[in-house]
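Just below is one structure, and these are the notes that go with it.
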Amino acid sequence: MNKDVEKILVTEEELYSITKKLGEIITNDYAGKKLLVVGVLKGSIYFLTDLTRHIDLPCHIDFIQASSYGESTESSGKVEIIKDIEKDLSGFDVLLVEDILDTGRTLKHICDMLSERNPESIAVVTLLDKPSRRVADIKADYVGVDVPNEFVVGYGLDYNQYYRNLPYIGILKRQVYEKQ
Ligand code: IMP
Ligand code: MG
5 MNKDVEKILV TEEELYSITK KLGEIITNDY AGKKLLVVGV LKGSIYFLTD
55 LTRHIDLPCH IDFIQASSYG ESTESSGKVE IIKDIEKDLS GFDVLLVEDI
105 LDTGRTLKHI CDMLSERNPE SIAVVTLLDK PSRRVADIKA DYVGVDVPNE
155 FVVGYGLDYN QYYRNLPYIG ILKRQVYEKQ
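For the sequence shown, our numbering begins at 5 and goes up steadily by one.
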């Protein structure tokens, strides 16, 4: 285990079964639809690559990038789009893929923006959910697992851009970010 990790919250084996299960449910729900999977960069990269390998349907894959965090563990509340997807979404059933739903501000902003582009539907799949932290009026359609109100890293999730490549999800030791 990484020395900055307090405790492993979701193991590699659990991540495999979570993504497999979600992929199978999504395969069922989206049969016959024109699916566009949109990963929210950068945190969703590992989740998206594992999840889509369990979606047994033709689909497009694209990425959108928003920034709201900066260099702290608290969301700034201001959301900015850094990389966008195509403007016309008519005919597409859009599935947004997130690493973690925290205050919900980032995803709410992205959902509102994309719904103006005439998609057939928009849904959200998040690997992790911190429901106790929600501020924005948004709910995920598919959730991997609920997590407590702790700062977590790994499997795409970062602190100051580090720890994304840990193969599990772990709670970051408080002293790592409180000493800053
Ligand atoms: P929100 O706008 O507050 O919902 O936060 C959205 C983004 O903040 C997520 O997509 C993550 O990239 C990041 N974030 C929120 N909580 C955590 C955490 O515990 N660890 C790492 N990143 C987080
Ligand atoms: Mg993110």
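The beta-carbon is built from N, C-alpha and C at its ideal position, and this holds for glycine as well.
| Asked | Found |
| --- | --- |
| Ile104 beta carbon near the ligand IMP (any heavy atom closer than 7 Å) | yes |
| C-alpha gap between Leu99 and Val9, whole angstroms | 31 Å |
| Selected residue, minimal CA-CA separation from Ala127, among Arg57, Asp116, Leu161 | Asp116 |
| Selected residue, minimal CA-CA separation from Gly36, among Gly160, Tyr146, Asp60 | Asp60 |
| Beta-bridge partners of Pro123, as assigned by DSSP | Ser94 |
| Counted within 10 angstroms of its Cβ, other Cβ atoms place Val83 as buried (16 or more) or exposed | buried |
| Alpha helix (DSSP H) segment containing Ser21, residue limits | 16–33 |
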